[in-house]
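Q:
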Amino acid sequence: MTMELTTVATWALCIGVIVAFQFLIGGGRARVDVKAIAKRQDLHLQRKAQHAVTGLMIYVVSGMFPVYADVTVLFTCALAFYGLHALRKRSKRVDMLYLRCFHGLLRREEIQKAVLPGAFYFLVGSGLVLSLFPTAIARLAILHLSFGDPSASLIGSRFGRRRLASGKSFEGFLGCWIVASLVTWVESGISVSITHSALRGLCAAVAESIDFGWDDNLSLPVISALLQTGLTYLGTFLGTFLGTYLGGVSIV
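Read in order, the letters of the sequence shown correspond to residues 3 to 254 in the working numbering.
#1: Measure the C-alpha to C-alpha separation of ARG92 and PHE175 and round it to an integer number of angstroms.
#2: ILE144 and ILE60 look like a contact to me (Cβ under 8 Å); what is the Cβ gap, rounded to whole Å?
#3: Report the residue from GLY29, ARG95, VAL63 and LEU47 whose alpha carbon sits nearest the alpha carbon of ILE17.
#4: By a C-beta neighbour count over all protein chains shown, 10 Å radius and 16 as the cutoff for buried, is ALA207 buried or exposed?
#5: Do you know how far the Cα of PRO136 is from the Cα of LEU248?
#6: If you draw a straight line from the alpha carbon of THR12 to that of GLY129, how long is it in whole angstroms?
#7: Let me check one thing: in DSSP terms, what residues is ARG165 bridge-paired to?
#8: Are GLY127 and GLN48 closer than 8 Å when you measure CB to CB?
#9: Using the Cα positions of LEU147 and VAL224, report the straight-line distance between them to the nearest angstrom.
#10: Taking 8 Å as the threshold (C-beta atoms), are SER153 and VAL131 in contact?
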């Protein structure tokens, strides 16, 4: 019973910090000018900051409790978010209160309720990877989403010139790769090889560059975790059959 209460209290604190931070950087004006709201290709630095903070908080708390508890909380929050989105469509008062608190973090189509806010997909994506993949891989995928995705967007928006087949920029791909590799290295306690970090970071960059028409907050962590899982199996294969030639050193 004590463990359950601790889990609920810690997650409640985590969610409270996230919401407070989002309000701090995303609210403040009584009126919302839709024309002034960032388009999808704009820098929107506030959104990128809350993206990183939200993911970091989820990463930290998800390492403290059993996976089932983390997944339950994330999916419950996602369901509540979906309910709030539906309520915004029905109640102008609720919609205006929501916009007053978080308008600085929303894109035009989110303001206009044409799509679910990215936070919904962030919660679903985080919950999915934690429920489907080994915890270490899932939590790293959440970090890739938290820092790699906004890095790709920021660098691609500022310096993007060459386009990939998906329509995303090559420069954004490189930015995501570098940042995700650095995050992997730090997350591993700076104890793994640069090759290991670069390969895991590449998983994030490839995941970010693929466009299935899904929200990146959902597709990136899932694809990154899938690629990391494949990389792990590849490393096992190489370690088994080529260990003699590689001197028993894992590269993945």
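Backbone N, C-alpha and C define an ideal beta-carbon position, used for all residues, glycine too.
These figures come from a predicted structure and were not determined experimentally.
A: Here's the rundown:
#1: 40 Å
#2: Between ILE60 and ILE144 the Cβ distance is about 6 Å, and since that is below 8 Å, they are a contact.
#3: VAL63
#4: buried
#5: Caution applies to LEU248, whose pLDDT of 49 falls short of 50 and renders its modelled position unreliable; the model cannot decide the point.
#6: 17 Å
#7: SER171
#8: no
#9: 10 Å
#10: no
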